[in-house]
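To start, the structure under review is shown below, and the notes come after it.
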Amino acid sequence: MSTDGIRVVGYAPRWREDFAALNIEWLQRWFVVEPFDREVLGNPERYILADGGRILFAVDTADRALGTVALMRAGDGVYELTKMAVAPHARGRGIGRLLMDAALRLYRGLDARELFLESSSKLAPALALYESVGFRHHPAPRAGSHYARADVHMVWEPGAAP
Numbered sequence: 001m002s003t004d005g006i007r008v009v010g011y012a013p014r015w016r017e018d019f020a021a022l023n024i025e026w027l028q029r030w031f032v033v034e035p036f037d038r039e040v041l042g043n044p045e046r047y048i049l050a051d052g053g054r055i056l057f058a059v060d061t062a063d064r065a066l067g068t069v070a071l072m073r074a075g076d077g078v079y080e081l082t083k084m085a086v087a088p089h090a091r092g093r094g095i096g097r098l099l100m101d102a103a104l105r106l107y108r109g110l111d112a113r114e115l116f117l118e119s120s121s122k123l124a125p126a127l128a129l130y131e132s133v134g135f136r137h138h139p140a141p142r143a144g145s146h147y148a149r150a151d152v153h154m155v156w157e158p159g160a161a162p
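Read in the numbering used here, the sequence shown has 36 at position 36, and its numbers run on one by one without any break.
The following block contains the structure:
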């Protein structure tokens with residue numbers, strides 16, 4: 001695994017199409033692109049950034065986006081880790097962990113009290129990554145999810161990482 005030459009950058013309009021493309025590829029591979037996905041991916045400025053959320057990208061030396069992750073504000077002091085995707089040709093290089101570490105650093109700098117995510121039990125490698133940084137399984141705090149595919153709810157517990 002090598003992340004040499006890869007850096008994490010914040011959102012800029014030039015990355016908008018990459019944000020959508022990376023996530024749509026991943027969704028089509030494992031699930032389906034749901035209507036709420038299309039809304040968020042088509043307008044991240046409105047659905048993520050306007051309310052205090054953040055979007056990060058892992059980019060290579062040629063400024064190509066290799067992966068992305070978002071922190072979406074879900075309420076007073078509550079953020080959702082969401083829209084994490086890595087390009088197929090870049091998987092297995094540690095980019096997901098690089099993005100996760102950057103997202104957690106960013107979250108720590110926010111005036112926030114909770115970070116959660118929704119995922120699927122079909123995604124064992126993703127769940128292992130989440131668990132390795134301190135996310136723990138919890139019952140969902142509200143009925144249902146934005147996504148039909150979500151059957152896992154996790155909350156970040158900073159002291160829980162091994």
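Heads up, the beta-carbon is just placed ideally off N, CA and C, and yes, glycines get one too.
Could you pull the start and end residues of the beta strand (DSSP E) that residue i belongs to?
| i | result |
| --- | --- |
| L117 | 114-119 |
| E80 | 78-86 |
Within 10 Å of its beta-carbon, does residue i have 16 or more other beta-carbons around it, so buried, or fewer, so exposed?
| i | result |
| --- | --- |
| T82 | buried |
| S119 | buried |
| G77 | exposed |
| W30 | exposed |
| F36 | exposed |
| R159 | Reading off the sequence shown, one finds Gly at residue 159, where the question assumed Arg. G159 should be labelled exposed. |
| L105 | Here residue 105 is Arg; the residue named in the question, Leu, does not match the sequence. With fewer than 16 Cβ atoms within 10 Å of its Cβ, R105 is classed as exposed. |
What are the partner residues of residue i, as DSSP defines its beta bridges?
| i | result |
| --- | --- |
| S54 | Reading off the sequence shown, one finds Arg at residue 54, where the question assumed Ser. According to DSSP, which records beta bridges pairwise, R54 is partnered with L71. |
| V155 | F116, R136 |
| A65 | V59 |
At which residues does the alpha helix (DSSP H) containing residue i begin and terminate?
| i | result |
| --- | --- |
| L104 | 95-108 |
Quick check for students: name the residue ranges of the beta strand (DSSP E) that lie wholly in the region 3-50, counting only runs of 3 or more. 7-10
Assess contact between the region 1-17 and the region 57-73, defined as three or more Cβ pairs (one per stretch) separated by less than 8 Å. Is contact present? yes
Indicate whether the contact test is met: 3 or more Cβ pairs, each with one atom in the region 106-124 and one in the region 13-23, closer than 8 Å. no
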